[in-house]
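Undergrad:
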Amino acid sequence: MSRVQLALNVDDIDEAVAFYSKLFGAEPAKRRPGYANFAITEPPLKLVLLENPGKGGSINHLGVEVPSTDEVISATRRFMAEGMDTLIEDGTTCCYALQDKVWVTGPGGERWEVYTVLADAGAELEGKTTADVEGAPEGSSVDGGCCGTAEAPDGATERSVCCAS
Numbered sequence: 002m003s004r005v006q007l008a009l010n011v012d013d014i015d016e017a018v019a020f021y022s023k024l025f026g027a028e029p030a031k032r033r034p035g036y037a038n039f040a041i042t043e044p045p046l047k048l049v050l051l052e053n054p055g056k057g058g059s060i061n062h063l064g065v066e067v068p069s070t071d072e073v074i075s076a077t078r079r080f081m082a083e084g085m086d087t088l089i090e091d092g093t094t095c096c097y098a099l100q101d102k103v104w105v106t107g108p109g110g111e112r113w114e115v116y117t118v119l120a121d122a123g124a125e126l127e128g129k130t131t132a133d134v135e136g137a138p139e140g141s142s143v144d145g146g147c148c149g150t151a152e153a154p155d156g157a158t159e160r161s162v163c164c165a166s
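In the numbering used here, the protein residues as written are 2 to 166.
#1: Here's the rule I'm using: 16 or more other beta-carbon atoms within 10 Å means buried, otherwise exposed. How should residue 47 be labelled?
#2: In terms of alpha-carbon separation, which member of 38, 118 and 59 lies closest to residue 50?
#3: Check for me: the alpha helix (DSSP H) holding residue 21 runs from which residue to which?
#4: Measure the CB-CB distance between residue 64 and residue 21 and report whether it falls below 8 Å.
#5: Expressed to the nearest angstrom, what Euclidean distance is found between the alpha-carbon atoms of residue 55 and residue 12?
#6: Rounded to whole angstroms, what is the Cα-Cα separation between residue 44 and residue 35?
#7: What residue ranges within the segment 33-110 form continuous alpha helix (DSSP H) runs of no fewer than 4 residues, ordered along the chain?
#8: Which residues in the same chain have their Cβ closer than 7 Å to the Cβ of residue 4, if we skip the five residues on either side of it in sequence?
#9: Roughly how many angstroms separate the alpha carbons of residue 72 and residue 107, rounded to a whole number?
#10: Starting from residue 114, follow the beta strand (DSSP E) in both directions and report where the run begins and ends.
#11: Would you say residue 1 and residue 103 are within 8 Å of each other, going by their C-beta atoms?
#12: So is residue 89 buried or exposed if we call it buried at 16+ other beta carbons inside 10 Å?
#13: Taking the CB atoms as reference points, tell me whether residue 19 and residue 41 lie closer together than 8 Å.
In structure tokens:
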């Protein structure tokens with residue numbers, strides 16, 4: 002199942018979790034210091050809350066969560082065929098999960114990711130790549146995890162990204 006992701010900056014994570022728990026009638030699927038995410042069934046939504054005092058109420062980034070790496074690859078190929086600048090992050094640990102993803106930037110500067118979650122990751126793995134994780138799949142192409150830059154393929158533009166900007 003695919004679903005839209007909305008990542009919001011919030012001033013106070015505890016206050017935001019209390020509000021969104023009431024709004025959607027659900028508890029967070031994952032909770033870490035300064036971070037929470039909700040996996041809402043109806044409407045299909047992945048709501049991510051990132052504590053960034055002073056930036057509350059603003060969009061951090063947008064995304065589409067897909068069920069597999071094959072779908073990330075398919076989206077990447079489609080974006081590139083359309084001439085869109087892409088940033089590929091394979092096997093990166095971001096938002097407390099090991100992920101494969103591709104980023105594009107909209108005309109207003111809004112950042113979009115198409116991603117799949119490969120595995121849950123604890124705080125001790127945040128910012129690491131598959132190359133840093135024993136037994137993880139080979140082929141990591143990103144250094145520095147969620148925040149940083151990554152090499153883009155065949156003429157695409159290198160971009161800086163961060164889940165908690």
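For each residue, glycine too, the CB sits at the ideal point set by N, CA and C.
TA: By the coordinates alone:
#1: The residue labelled residue 47 in the question sits at position 46 within the sequence shown. Per the 10 Å Cβ criterion, buried.
#2: Residue mapping note: residue 50 aligns to position 49 of the sequence shown, counting from 1. Of the candidates 38, 118 and 59, the one whose C-alpha sits nearest the C-alpha of residue 50 is 38.
#3: Residue mapping note: residue 21 aligns to position 20 of the sequence shown, counting from 1. Element bounds for residue 21: 14-25.
#4: By 1-based counting over the sequence shown, the position of residue 64 is 63. By 1-based counting over the sequence shown, the position of residue 21 is 20. Result no, Cβ atoms of residue 64 and residue 21 do not sit closer than 8 Å.
#5: Reading the sequence shown from its first residue, position 54 is the one you call residue 55. Reading the sequence shown from its first residue, position 11 is the one you call residue 12. Here the C-alpha atom of residue 55 lies approximately 6 Å from the C-alpha atom of residue 12.
#6: In the sequence shown, residue 44 corresponds to position 43, counting from 1. In the sequence shown, residue 35 corresponds to position 34, counting from 1. In a straight line, the C-alpha of residue 44 is about 25 Å away from that of residue 35.
#7: As far as the segment 33-110 is concerned, its whole alpha helix (DSSP H) runs of at least 4 residues are 70-82.
#8: Within the sequence shown, residue 4 is the residue found at index 3, counting from 1. 45, 46, 47 and 66, listed in sequence order.
#9: Taking the first residue of the sequence shown as 1, we reach residue 72 at position 71. Taking the first residue of the sequence shown as 1, we reach residue 107 at position 106. Distance from the CA atom of residue 72 to the CA atom of residue 107, rounded to whole angstroms, is 20 Å.
#10: By 1-based counting over the sequence shown, the position of residue 114 is 113. Segment 112-121, the beta strand (DSSP E) holding residue 114.
#11: Because the chain here runs from 2 to 166, residue 1 falls outside it and cannot be looked at.
#12: Here residue 89 refers to the residue found at position 88 of the sequence shown. By the 10 Å Cβ count, residue 89 comes out buried.
#13: Start at 1 with the first residue of the sequence shown, and residue 19 comes out as number 18. Start at 1 with the first residue of the sequence shown, and residue 41 comes out as number 40. No. Outside cutoff.
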